[in-house]
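Have a look at the structure below before the remarks.
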Amino acid sequence: MPMRCNFLHLIISSTVAYDANNARVRVPPPRNTDRHAFHNKKTEQCFVNDSVNLQLTRRRFIKGVIFSGAAATSGAGIYLAANAQSGNGGMERLITLTINGRTRRVDVPPTETLANTLRYRLNLTGTKIGCNRGECGACTVLIDGVPNYACSVLTHNVKTKQVTSIEGVKNEDGTLHAVQQAFIAENAPQCGFCTPGQVMSAVALLANNPRPTKAEAAQAMSGNLCRCGAYEHYLNGVLRASGQIA
Amino acid sequence: MSTHIGFDFTPPDVPGKVTGEIKYAEDYKREGMVFARLLTSPLPSGRVVGIDAREALRMDGVLGIFTADDLPPVAPPGNPALASEYVSFVGQPILAVAAVTEEIAESAIEKIRVDFERRPFVVDPLESLTPGGANAYPEGNTLVRTEEEGPEGTPIRGAEIRDVKWPQSAIDALRAGKEPKGAEFTTDWSFGDLDAGFAEAAVIVEEPFVTIGYPHHSLESRTCMAYWENGKCYFHGSSQSQSANDNGLARMLDIDPANLVFINEATGGGFGSKIGPYPYMAISGNFAKRLNRPLQLRITREQEFYIGSARSGMQGWIKMGVKANGKVSAIDLVVVNDGGMTGAGSGNSSAQHVTVAYQPENMRFRGISVYTNTTPRGAQRGPGQNEMAAVLAPIADKAAKAIGMDRVAFRRINAIDSNGFQGGGQGPVTSAFVREALDQGMRTFGWEEKNALAKQNGSKVRGLGVGIGYHGAGGRGYDGLVRIGTDGKLYIHSGVGNLGTYSYAGTCRAAAEALQVPWERCEIVRGRTDNHLPHSSGQGGSNTIFTHTRTNWVAAQDAIRKLKEIAAQDLGGEPEDYMIGDERVFATAEPSRGLSYAQAAARAIELGGKFSGEEYPDDINPITQRAVQGLAGSGLIGVAKDNIPGEGQPPGILVGFCEIELDKDTGKLEILDYTAIADCGTVVHPKNFENAMRGGAVWGVGLAAFERHVYDPQNGLPANTGLYQSKPPTYLDVNVETKMGAVNIPDPQNPTGGRGIGEPTQGAAAAALASAISDALDGHVFNTAPTTTDMIINHLAGNDYSTKYLKTNTF
Ligand code: FES
Ligand code: FES
Chain A
580 MPMRCNFLHL IISSTVAYDA NNARVRVPPP RNTDRHAFHN KKTEQCFVND SVNLQLTRRR
640 FIKGVIFSGA AATSGAGIYL AANAQSGNGG MERLITLTIN GRTRRVDVPP TETLANTLRY
700 RLNLTGTKIG CNRGECGACT VLIDGVPNYA CSVLTHNVKT KQVTSIEGVK NEDGTLHAVQ
760 QAFIAENAPQ CGFCTPGQVM SAVALLANNP RPTKAEAAQA MSGNLCRCGA YEHYLNGVLR
820 ASGQIA
Chain B
8 MSTHIGFDFT PPDVPGKVTG EIKYAEDYKR EGMVFARLLT SPLPSGRVVG IDAREALRMD
68 GVLGIFTADD LPPVAPPGNP ALASEYVSFV GQPILAVAAV TEEIAESAIE KIRVDFERRP
128 FVVDPLESLT PGGANAYPEG NTLVRTEEEG PEGTPIRGAE IRDVKWPQSA IDALRAGKEP
188 KGAEFTTDWS FGDLDAGFAE AAVIVEEPFV TIGYPHHSLE SRTCMAYWEN GKCYFHGSSQ
248 SQSANDNGLA RMLDIDPANL VFINEATGGG FGSKIGPYPY MAISGNFAKR LNRPLQLRIT
308 REQEFYIGSA RSGMQGWIKM GVKANGKVSA IDLVVVNDGG MTGAGSGNSS AQHVTVAYQP
368 ENMRFRGISV YTNTTPRGAQ RGPGQNEMAA VLAPIADKAA KAIGMDRVAF RRINAIDSNG
428 FQGGGQGPVT SAFVREALDQ GMRTFGWEEK NALAKQNGSK VRGLGVGIGY HGAGGRGYDG
488 LVRIGTDGKL YIHSGVGNLG TYSYAGTCRA AAEALQVPWE RCEIVRGRTD NHLPHSSGQG
548 GSNTIFTHTR TNWVAAQDAI RKLKEIAAQD LGGEPEDYMI GDERVFATAE PSRGLSYAQA
608 AARAIELGGK FSGEEYPDDI NPITQRAVQG LAGSGLIGVA KDNIPGEGQP PGILVGFCEI
668 ELDKDTGKLE ILDYTAIADC GTVVHPKNFE NAMRGGAVWG VGLAAFERHV YDPQNGLPAN
728 TGLYQSKPPT YLDVNVETKM GAVNIPDPQN PTGGRGIGEP TQGAAAAALA SAISDALDGH
788 VFNTAPTTTD MIINHLAGND YSTKYLKTNT F
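Chains as they are written, first to last, in our numbering: chain A, 580 to 825; chain B, 8 to 818.
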């Protein structure tokens, strides 16, 4: 049942591209105007749409067509590992967490990561997700005082632990933690997306080693990637927070 | 005397970054928000012949599917938000699915079946130019201009895709490091007499080179959220720019720009990949409209690798002639760019770097950009200039050595000054003081002292390097807008984006300086269109410091004029009889006779007309006109277009000096010292300047020693889609101490004296490191960027496998 292909109607008018300097370049329509014929000849059995009505969306077209053959898709999933086990991430269960010294009761499926719980259930969006795969450290939180990638920890596994996120590092009187003050003084963040994670690692470092050298600080914070390259500013911030520079 | 320019301050968004309170696009939620995810191509090249989404659409919670049919058509090599018939790179989005939860959207993606026909693919430009080589697009492999490029400021140029093949002899010649005779190019310029230049040369150096593209990897991916209310689209995006997005994004959404509210308080990095609206913004905005729900389209880290743009790579050849006195008499340059799936390459900018760094007396450039079935390419921090800086530095060192000249002295003789030129058109620059920068750098770094030290220490060998980074750094003709409120405060409206460079804040200091208002009494108004923001440049090309200190300055001057006119009207005399100071306008002869800024603002509202923004100059952009209309009647309005006279390109130039220790057993290198001196006019914000220098140095290390695309040439699959494998430098890969300084000579064409410096900070560091690696290995020129540990080890083992044949996009 050869059908006509509506893809071909979609690439006909002049449009705009950008070159590597982001200058706009006008790209005229393809000159080959008999592409239908070309494709009819070559791949007749593959044509998929029974309509030439441009108003039809592919959704309608999709609904009307059956295909055989190997499925090949790539969705770059972030939930899939969990979903494979139990539908949409498994049954939510009400658990009790201690976050920033407060008890929080929250429904969480067993497959959910702490980063997701913090950001999307508790609205603690200071914890950033840069990679969601343990490569960048943007999601760093403290679990019983130890820095951890929240994207790589299941929330159900921290039920009995003390979790500290960036929202919880201020001093009790509401003033900023010495690390935060020092980072401001050093103008340390650039884009700031890695900053909450850098703060968490620096807070943990100073709790263990109150006067680190710059090289020690670099070691301790090396799990926190900064694409802006603000490393030295953060290290200066650590030295400032530890009273080694003023 | 300067009160703000050249002094430190804390940009207002810094505290929010250290507390986590500042919001990025993905931090926003909205009542009823639904979630979309992308289905992307698993193939480097193919044709979509069928999509079956019935099962996905039957799932509970799935709301709909969005495809290329739902968007205006885009012809190749435009980068469509969603592929229609052809897919051209792994990870190219094909459709989006929306659902009530993100988990359901993602599960639905898995239920969709797509049938493809495979097409031939290519990941190496030279392979595509080879007779019989595959083309990335069915139409061909390169973009050919069909119209002459217009004068500066006329962006649209005609072009078409064509199939270009080179004779095999030309391919072989280029791979062997010789001129590719008989090859076809799409860009070609020259000045002077090349043959005469080479005839004058005492030394001629001829080398091939290859630089490998790599992704931007902005730490915040380009997740967007949009919703519609009363015909207006509210769009939370992640962009380098603010006002510069308005028109393009409105076009994508098919609305009048007046109906767009673009919200972008903070952006988690862009590095050139988010200068203007990116194609995927069309999905969030239009899908939200169709579903009539707030919609978030999440882009994952892996997807950001695919669609977040990347630097173009180069395969090329250079021949440099140098006279006995060290002056570069002739350069012949060939660049084949890897355009990925969309880029037009940046060879011309590479050639421009050559002109600025060595001011050759005669030069020819020939270039072609070839599409490959790899990720879309776009501007990335000093596109063209910085990778050229990295490969050129060791070649220049070789030339200097051949005529027996010190490497810094060689650069000094050839350095650009204020009478110098840039680019193939040999256009003027506003000012340049590179010799001064080299002298200052030599002293700070201790070039001569370090050169006198022993090189070898067991298996470790020291290397010293010097490099130059350059990028055009400023634009003209944008608008400034300030308001003095009845509270007496100065509100500086900025349409500049916030990509982490803080130039939005630094440039506002120009208005505070001109109006002599203490910084605590100033407020920067920015971050969303409905804050009434003026027409501003896109935050790319290191331009913002130059461009927007000027706009804020002219807006402040307009406010000062109005203050004086109001005072003259109310208190007698002529406007010229008045001056400003201490947040007052007062009679010069009788300082007690005057008005406070707060009083003048109240009078401006009463007087109306131009004073309070009911009227405005007719040369301001429609974006600024709308902003002024929104502010009318709320204070004393200063608004003006930057018509400051002048000509020439404001250059941002940096010189870098690097000392490394290279372990000959492991190939690992350690940076012992890095010193950088900038020629960027007056330093506007010292603390921020220092940080820009450090951040740029990290990027330079990545370019020279680590980062590259790796594709499997058998299947065209990318092998390093994550951060870990792509290897942006970490804390442990870079020096922990950068020494820096600035020549600090004001640029005559900027009222604050400033010029930009963002991009050259990377180029200088990359060049200095490449130069140091070569120096450590007795002047061996790898002719590669990056020069990775495996390449160094292979070279030391006498194996040229990893640097032969100008291989790109692979090991
Ligand atoms: S988001 Fe957790 S390590 Fe990157
Ligand atoms: S400040 Fe941008 S990623 Fe670190």
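No residue lacks a Cβ here, since even glycine has one placed at the ideal position from N, Cα and C.
For this session: State the Cα-Cα distance for the pair residue 756 of chain A and residue 30 of chain B, rounded to the nearest angstrom.
Result: 20 Å
For this session: Might you give, ordered along the chain, the residues of its own chain that have their beta carbon closer than 8 Å to the beta carbon of residue 660 of chain A, omitting 5 neighbours on each side?
Result: In this predicted model, residue 660 of chain A has a pLDDT of only 42, less than 50, meaning its place in the structure is not dependable; the value taken from the coordinates is given anyway. These residues qualify, in order along the chain: 690.
For this session: Report the option in B:178, B:39 and B:673 whose CA atom is closest to the CA atom of residue 812 of chain B.
Result: B:178
For this session: Residues of the segment 597-622 of chain B with a CB closer than 7 Å to any CB of chain A: list them in chain order, please.
Result: none
Exercise. Buried or exposed: where does residue 779 of chain A fall if 16 or more other Cβ atoms within 10 Å of its Cβ makes it buried?
Worked result: buried
For this session: Tell me, please, whether the CB atom of residue 125 of chain B is closer than 8 Å to any CB atom in chain A?
Result: no
Exercise. Taking C-alpha atoms, which residue in B:274, B:220 and B:99 lies nearest to residue 24 of chain B?
Worked result: B:274
Exercise. How about residue 507 of chain B: is its C-beta nearer than 8 Å to some C-beta of chain A?
Worked result: yes
Exercise. What residues from chain A crowd round residue 34 of chain B, counting only those whose CB sits closer than 7 Å?
Worked result: 704
Exercise. Along chain A, in chain order, which residues have C-beta atoms closer than 9 Å to that of residue 273 of chain B?
Worked result: 770, 771 and 772
For this session: Kindly examine ligand 1 and report whether one of its heavy atoms sits closer than 7 Å to the Cβ of residue 681 of chain B.
Result: no
Exercise. Does the beta-carbon distance from residue 224 of chain B to residue 315 of chain B come in below 8 Å?
Worked result: yes
For this session: Measure the CB-CB distance between residue 728 of chain A and residue 777 of chain A and report whether it falls below 8 Å.
Result: no
Exercise. When you compare only the Cα positions, how much space is there between residue 126 of chain B and residue 718 of chain B?
Worked result: 17 Å
For this session: Could you confirm whether any beta carbon from chain B is found closer than 8 Å to the beta carbon of residue 751 of chain A?
Result: no
Problem set entry | Nearest to residue 138 of chain B (by Cα), restricted to the options B:760, B:687, B:166 and B:171 | B:171
Problem set entry | Three-state secondary structure assigned by DSSP to residue 447 of chain B | helix
Problem set entry | Top-ranked residue by Cα proximity to residue 671 of chain A, from A:683, A:681, A:677 and A:688 | A:688
Exercise. In whole angstroms, what is the alpha-carbon distance linking residue 719 of chain A and residue 783 of chain A?
Worked result: 11 Å
For this session: Drop a sphere of 10 angstroms on the beta-carbon of residue 654 of chain B, count the other beta-carbons inside from all chains shown, and report buried for 16 or more, exposed for fewer.
Result: exposed
Problem set entry | Environment of residue 48 of chain B [buried if 16+ CB atoms lie within 10 Å] | buried
Exercise. Checking contacts by CB at 8 Å: is residue 786 of chain A closer than that to chain B?
Worked result: no
Problem set entry | Contact between the segment 689-708 of chain B and the segment 500-517 of chain B (3+ Cβ pairs under 8 Å) | yes
Exercise. Leaving out the 5 sequence neighbours to the left and right, which residues in its chain are closer than 7 Å to residue 410 of chain B when beta-carbon positions are compared?
Worked result: 209, 210, 329, 331 and 333
For this session: Give the straight-line distance between the Cα atoms of residue 357 of chain B and residue 711 of chain A, rounded to the nearest whole angstrom.
Result: 36 Å
Problem set entry | Nonlocal neighbours in the same chain, by C-beta distance under 7 Å from residue 251 of chain B, ignoring five residues either side | 283, 543, 544 and 545
Problem set entry | Chain-ordered neighbours of residue 809 of chain A on chain B, where CB pairs are closer than 9 Å | 507, 698, 701, 702 and 705
Problem set entry | Contact with chain A by residue 655 of chain B, beta-carbon distance below 8 Å | no
Exercise. Out of curiosity, what's the CA-to-CA distance linking residue 64 of chain B and residue 120 of chain B?
Worked result: 12 Å
Exercise. Using a Cβ-Cβ distance under 8 Å, would residue 759 of chain A count as near chain B?
Worked result: yes
Exercise. Measuring from the CB of residue 728 of chain A, is there a heavy atom of ligand 1 at a distance below 7 Å?
Worked result: yes
Problem set entry | Rounded straight-line distance, which links the Cα of residue 709 of chain A to that of residue 856 of chain A | Summary: the structure shown does not reach residue 856 of chain A, with chain A confined to residues 580 through 825, and so no result is reported for it.
For this session: Consider the Cβ of residue 13 of chain B: report whether some Cβ of chain A lies at a distance smaller than 8 Å.
Result: no
For this session: Please classify residue 16 of chain B: does DSSP put it in a helix, a strand, or coil?
Result: coil
Exercise. Is the beta carbon of residue 836 of chain B within less than 7 Å of some heavy atom of ligand 1?
Worked result: Lying outside 8 to 818, the shown extent of chain B, residue 836 of chain B is not represented and no answer is given.
Problem set entry | Within 7 Å of chain A by C-beta, residues of the segment 466-482 of chain B in sequence order | none
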